[in-house]
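**Student:** Have a look at this one.
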Amino acid sequence: MTMPPEVRCVLANADTPIAQLIKAVTAAERALADAPEVAIGLSSNATIDMLGLYLRREAALVGVRARIVMGNYDDPIGDFERFAREGVERVILVPIFDNVLPAFEAQVATLPSQALTAKEAELRARYSLALERGRSFRSVQLGLYHRLGVSAVPDSEDAVTAWIQRFNAMLREEAARHANVQLIDIAASVAAIGHRVAFDRRFYLRSKAPYSAALLSDLATRLAAGTRGFGTRFIKALALDCDNTLWGGVVGEDLVAGVKLDPHDYPGNVFWRTQQAIAGLERQGLLLCLCTKNNPADVEEMFTHHPHMVLKNTQIAARRVNWTDKVTNLRELAAELNIGLDSFIFLDDSSVEAEAVRTRLPQVTMVQVPQTLSDYPAVIDEIARLFLGAGISESGGSKTEQYRLRAAAAEAQSAFATHEDYLASLELEAALHLDRPTEAARIAELSQKSNQFNLATRRYTQLEIEQLMAAPDAQVFSITVRNRFGDSGLTGVLVLRYEDEVARVENFLMSCRVLGQGIEFSLWTAVIERARAGGAVRIEADFIASAKNAQVRDFYDRLGLELLDDNAGTRRYRRALTGFTPPSSSWVKVSDA
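Following my numbering, the residues of the sequence shown are numbered contiguously, the last one being 1172.
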């Protein structure tokens, strides 16, 4: 059963009254009865129960059900223990500075510094122990302290601001010790909606509930983005309209000289600022595409000749500049880049185009240019939150060149008589690396992103990868690939578990960028040798079906393993290692580092 469109509309409206929202969330969860469930624990030294409602809304909007587990008042250590017992996967900690002690902001000016320092040390000890006990959670989102009142003096002279900064420095230090902890800037939500709107002193004084519904709604949206839609959505590409999206005006009518893009004048400065922000996201790994109804020559002239054009052709991974409908163009862009439509954000100014995409491609995240241009920077900030989510790994720089190299390789294929001749010409090199802690973040990121070639669709956190690397009964292989066109980087992961004389494949996944080149088979000779060296005499593996990995359903059959069972979407395999020689491709050079 799918969620009724009218229910989704109510959920998506940030101004929906609470009573109506409760009904809509209940209806949505009823429609999503068979959807995956995410268990979320909330811990705070204030009353934040209403945050659970808004988190349930955010979960429903991405097609999952949120089970909220409320912690006790001001007991993070006890809460974490309880959360672990109740199967919580994700934890949210919301500490309130003013409630560290009663009216703490008012007390700061009169308390001796020794008392404040002692309180800081006490809090450090509590959070250090809590976060240590929370290492098993998939994510812990830790809010930073913020002001409840408004300072009457500049920050540089304000004792409350100084101590908040000091306490936050302590939280940052403790968070940095744990790979699964993400800091949440609650002050950013306060700033976004306004200080007067963010707090309700009536409920704070009566029941220690400081936050307004507006603040909790905004915070829930940021928290959901920080987990990339509770692990359901990994944005990889931003498809861009051009006219009145990248520049003001219509280039086909106003000509290049007439469009608005001057950084010194309104409204051109809004579009110039927008391009600057989008270029920054491209440098952090977001793929940019053009999807616009336009004459190709006009768009090309803008990109090559307009003096204030920030984005360059080299930053565009793929383009559809034509008069075809945008739904068709988005499908073609997804096919060209070999990524799912649910990995796309589409930015357009047209309400007609936006409605067509929302209706026919609901998996695409549709974002519309606001009618009030002064709101445009906030829209781009929201796109950044959706993309960056839980952050980027050290290798998460620009991906555009990798996709351009792949396109160049595809173009070169036409010059060869056979596909094998073409693959041999690529000079493919695959390197197998064992238990590299420096690659743990990238391995975890790839496990979250990869869907099509993902045999078990197991998602890992950085901490889980680090623990597997340190475990005596496990091996984590990372696979890097390069060819004569360039370096594709870390594009594959294989996790082995050893049980007596059995090497069990816990998961095997590869990026779509390197599929179809024989690499997925060629590396197994080295893996089998490693398994034999580890004392294994048999290998076992499972294929677990998901909504997106049907193309690799028979991978282990083609690898040469024996099918033991095929039941309820799970195919179980086994093969003795004696005499087993996996298939390989002569054109792939494999090195076992």
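Idealized CB from N, CA, C, for every residue including glycine.
What are the boundary residues of the alpha helix (DSSP H) that includes M629?
**Tutor:** Stepping through the sequence shown from its first residue, residue 629 is reached at position 50. Run containing M629: D628 to L640, per the alpha helix (DSSP H) assignment.
**Student:** Which residue's Cα is closest to the Cα of N1062: A1105, N1086, D1079 and A1003?
**Tutor:** Within the sequence shown, numbered from 1, the residue matching residue 1062 stands at position 483. Taking only the C-alpha atoms, the option nearest N1062 is A1003.
**Student:** Which word fits R785, buried or exposed, when buried means at least 16 other C-beta atoms lie within 10 angstroms of its C-beta?
**Tutor:** By 1-based counting over the sequence shown, the position of residue 785 is 206. Exposed, by the Cβ-count rule.
**Student:** Can you tell me whether Q720 is helix, strand or coil according to DSSP?
**Tutor:** Along the sequence shown, read from residue 1 onward, the residue named residue 720 stands at position 141. In the structure shown, Q720 sits in a strand (DSSP, three-state: E or B).
**Student:** Leaving out five residues before and five after Q599 in sequence, what residues of the same chain have Cβ atoms less than 7 Å from its Cβ?
**Tutor:** Taking the first residue of the sequence shown as 1, we reach residue 599 at position 20. Cβ neighbours of Q599 beyond the five flanking positions: V589.
**Student:** Expressed to the nearest angstrom, what Euclidean distance is found between the alpha-carbon atoms of T1036 and I1022?
**Tutor:** Translated into positions along the sequence shown, residue 1036 becomes position 457. Translated into positions along the sequence shown, residue 1022 becomes position 443. Going by the C-alpha atoms only, they are around 13 Å apart.
**Student:** Kindly provide the ranges of any alpha helix (DSSP H) runs that are 4 or more residues long and lie completely inside the segment 838-903, ordered along the chain.
**Tutor:** The segment 838-903 contains these whole alpha helix (DSSP H) runs: 847-862 and 875-884.
**Student:** Do G1097 and A1124 come within 8 Å of each other at the CB atom, strictly closer than that value?
**Tutor:** As a first step, residue 1124 is located in the sequence shown; it is residue number 545 there, counting from the start. As a first step, residue 1097 is located in the sequence shown; it is residue number 518 there, counting from the start. Not closer than 8 Å, so no.
**Student:** Using the DSSP secondary-structure output, state which residues sit across from T806 in a beta bridge.
**Tutor:** The residue given as residue 806 occupies position 227 in the sequence shown. According to DSSP, which records beta bridges pairwise, T806 is partnered with nothing at all.
**Student:** What's the C-alpha gap between D1121 and R1153?
**Tutor:** As a position in the sequence shown, residue 1121 is number 542, starting the count at 1. As a position in the sequence shown, residue 1153 is number 574, starting the count at 1. Distance between the alpha carbons of D1121 and R1153: 9 Å.
**Student:** Provide the residue span of the alpha helix (DSSP H) that contains L1047, from first to last.
**Tutor:** Here residue 1047 is taken as the residue at index 468 of the sequence shown, counted from 1. First-last of the alpha helix (DSSP H) with L1047: Q1041 to A1049.
**Student:** Leaving aside the five residues before and after R1083 along the sequence, list all residues of the same chain whose C-beta is less than 8 Å from its C-beta, in chain order.
**Tutor:** Looking up residue 1083 in the sequence shown gives position 504. Same-chain partners within the cutoff: L1075, R1076, Y1077, I1118, E1119 and A1120.
**Student:** Answer yes if the segment 887-896 comes into contact with the segment 854-874, meaning at least three C-beta pairs across the two stretches below 8 Å, and no otherwise.
**Tutor:** As far as the Cβ criterion goes, the segment 854-874 touches the segment 887-896, which means the pair count is three or higher.
**Student:** Please name the residue, chosen from Q1031, F882 and G666, that lies closest to R1132 on a Cα-to-Cα basis.
**Tutor:** For the purposes of this step, residue 1132 is taken as residue 553 along the sequence shown, with counting starting at 1. Among Q1031, F882 and G666, the Cα nearest to that of R1132 is on Q1031.
**Student:** Buried or exposed for E973, please, with buried defined as at least 16 other CB atoms from any protein chain shown within 10 angstroms of its CB.
**Tutor:** Counted from its first residue, the sequence shown places residue 973 at position 394. Note that E973 has pLDDT 44, beneath the 50 cutoff, so the model's placement of it is unreliable and the number below is only indicative. Result: exposed.
**Student:** Let's see if you can read the secondary structure: which residues bound the alpha helix (DSSP H) around Q744?
**Tutor:** The count along the sequence shown starts at 1 and reaches residue 744 at position 165. Note, Q744: alpha helix (DSSP H), A738 to A754.
**Student:** So does the segment 701-721 actually touch the segment 751-768, counting three or more Cβ pairs closer than 8 Å?
**Tutor:** Output reads yes: the segment 751-768 touches the segment 701-721.
**Student:** Three or more C-beta pairs under 8 Å: does that hold for the segment 764-779 against the segment 795-803?
**Tutor:** Yes: the two stretches touch, three or more of their Cβ pairs being nearer than 8 Å.
**Student:** Measure from the alpha carbon of R862 to the alpha carbon of each residue in K815, K1168 and A876, then state which is nearest.
**Tutor:** Along the sequence shown, one-based indexing puts residue 862 at 283. The shortest C-alpha separation from R862 is found at K815.
**Student:** Which whole-angstrom value describes the C-beta separation of A758 and Q1041, a residue pair presumed to lie in contact below a C-beta threshold of 8 Å?
**Tutor:** Position 179 of the sequence shown holds residue 758. Position 462 of the sequence shown holds residue 1041. Their Cβ separation, rounded to whole angstroms, is 4 Å, which keeps A758 and Q1041 in contact under 8 Å.
**Student:** Give me whichever residues DSSP pairs with H1012 in a beta bridge.
**Tutor:** What you label residue 1012 is simply residue 433 of the sequence shown in a count that begins at 1. DSSP lists S1057 as partners of H1012.
**Student:** Out of G728, S1029 and G837, which one is the CA nearest neighbour of L1088?
**Tutor:** The count along the sequence shown starts at 1 and reaches residue 1088 at position 509. With distances taken between Cα atoms, L1088 lies closest to S1029.
**Student:** The ligand NAP heavy atoms versus the CB of F1087: any closer than 7 Å?
**Tutor:** Annotation note on the ligand NAP: not contained in the displayed structure, which lists no ligands.
**Student:** What does the Cβ neighbour count give for H843, buried or exposed, with the cut at 16 atoms within 10 Å?
**Tutor:** Working through the sequence shown from its first residue, we reach residue 843 at position 264. Label assigned to H843: exposed.
**Student:** Which residues in the same chain have their Cβ closer than 7 Å to the Cβ of P655, if we skip the five residues on either side of it in sequence?
**Tutor:** To locate residue 655, count along the sequence shown from 1; it is residue 76. If we look at P655 and ignore the five residues flanking it on each side, its Cβ neighbours are S622, L672, R705, Y706 and A709.
**Student:** Between the segment 643-651 and the segment 813-827, do at least 3 Cβ pairs fall closer than 8 Å?
**Tutor:** Taking 8 Å as the limit for Cβ pairs, the verdict is that the segment 813-827 does not touch the segment 643-651.
**Student:** Taking 8 Å as the threshold, find out whether the segment 908-922 comes into contact with the segment 776-791 through three or more Cβ pairs.
**Tutor:** No: the two stretches stay apart, fewer than three of their Cβ pairs being nearer than 8 Å.
**Student:** Among I1044, E637, H998 and E585, which residue has its Cα nearest to the Cα of D1014?
**Tutor:** Taking the sequence shown and counting its residues from 1, one reaches residue 1014 at position 435. Ranking the options by Cα distance to D1014, first place goes to I1044.
**Student:** Any chance you could list the alpha helix (DSSP H) runs of at least 4 consecutive residues sitting entirely within the segment 755-834, in chain order?
**Tutor:** Within the segment 755-834, the complete alpha helix (DSSP H) runs of at least 4 residues are 765-772, 774-777, 780-786, 792-805 and 807-810.
**Student:** Quick one: complete alpha helix (DSSP H) runs, 4+ long, within the segment 1064-1126?
**Tutor:** Within the segment 1064-1126, the complete alpha helix (DSSP H) runs of at least 4 residues are 1098-1101 and 1103-1112.
**Student:** R775: buried (16+ other C-beta within 10 angstroms of its C-beta) or exposed?
**Tutor:** Indexing the sequence shown from 1 puts residue 775 at position 196. That one is exposed.
**Student:** At what residues does the beta strand (DSSP E) containing A645 begin and finish?
**Tutor:** As a first step, residue 645 must be located in the sequence shown, where it is residue number 66. From DSSP, the beta strand (DSSP E) with A645 extends over R644 to Y652.
**Student:** Which of the three DSSP states, helix, strand or coil, is assigned to N1062?
**Tutor:** Reading the sequence shown from its first residue, position 483 is the one you call residue 1062. The answer is strand: DSSP assigns N1062 an E or B state.
**Student:** Between the C-alpha atoms of A661 and R717, what's the straight-line distance to the nearest angstrom?
**Tutor:** Here the question's residue 661 lines up with position 82 in the sequence shown. Here the question's residue 717 lines up with position 138 in the sequence shown. Checking the sequence, you will find Arg at residue 661 rather than Ala. Taking the straight line joining both Cα atoms gives about 15 Å.
**Student:** So, for A777: in the same chain, excluding its five sequence neighbours on each side, which residues have a beta-carbon less than 8 Å away from its beta-carbon?
**Tutor:** Residue mapping note: residue 777 aligns to position 198 of the sequence shown, counting from 1. Same-chain partners within the cutoff: S768, V769, Y790, S791, A793 and L794.
**Student:** What distance in whole Å lies between the Cβ atoms of A1105 and V1169, which are believed to be in contact at a cut-off of 8 Å?
**Tutor:** Translated into positions along the sequence shown, residue 1169 becomes position 590. Translated into positions along the sequence shown, residue 1105 becomes position 526. Between A1105 and V1169 the Cβ distance is about 6 Å, and since that is below 8 Å, they are a contact.
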